[in-house]
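Residue numbers (the working numbering): 10 to 217.
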């Protein structure tokens, strides 16, 4: 398969499928097409794995940048809820996207890059979306904890989602531990002032 054939016949079909999966309602069931898996299989067999991986990650990165922009324009009072929807929808999309690219993952990402496709795609969300809104989200979650203006289950979902993306709990240990019990090992007495200092800084930012 020449690059021209890949560009003309194979990538457009896969790109269309990715577009559809990224915007699906996470409550909908969309089955994975064997034709899409076969397109990926052919691309991998014809030595286009690197190109396919580049196109896939570029495509998803562009989508996530749009998601981040939409969140940026979101009213402050809706940010937690909208972030939770964006993360939930993305996770649901990955449940379909990752199986479509199973051959790419097995024969290129795992064997040559020593990585995992789902982990790479989760990292893209962390880089393009979560990282951009992290500070504001943590402040809002802390503020909304009293009184509850956002459902506690939604706030817990966001905090757990952030924790699954990166070890951000270190930035606000008291906040994360209030939603995720036993997230931290038992604190040594010498660490207590550090935890208190982190909490004070968060309180100061809230009062500004």
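By construction, the Cβ of each residue, glycine as well, lies at the ideal position given by its N, Cα and C atoms.
For residue 84, which three-state DSSP category applies?
coil
Let's see if you can read the secondary structure: which residues bound the alpha helix (DSSP H) around residue 29?
20-31
How about residue 127 and residue 143: do their beta carbons lie closer than 8 Å?
no
Using beta-carbon positions only, say whether residue 92 and residue 80 come within less than 8 Å of one another.
yes
Report the residue from 165, 170, 113 whose alpha carbon sits nearest the alpha carbon of residue 55.
113
Chain-order list of residues whose beta-carbon lies under 8 Å from that of residue 49 (same chain, five-residue window excluded):
23, 61, 109, 110, 111, 112, 113
Report buried or exposed for residue 76, applying the criterion of at least 16 other Cβ atoms within 10 angstroms of its Cβ.
buried
Mind checking residue 150: buried by the 16 CB within 10 Å criterion, or exposed?
buried
Give the straight-line distance between the Cα atoms of residue 131 and residue 15, rounded to the nearest whole angstrom.
26 Å
What residue range is occupied by the uninterrupted alpha helix (DSSP H) comprising residue 53?
43-54
Note the first and the last residue of the continuous alpha helix (DSSP H) segment covering residue 132.
126-134
Applying the criterion that 16 or more other CB atoms from any shown protein chain within 10 Å of the CB defines a buried residue, is residue 99 buried or exposed?
buried
Nearest residue (CA-CA) to residue 89, options 175, 178, 133, 167:
167
Would residue 45 be called buried (16 or more neighbouring beta carbons within 10 Å of its own) or exposed?
buried
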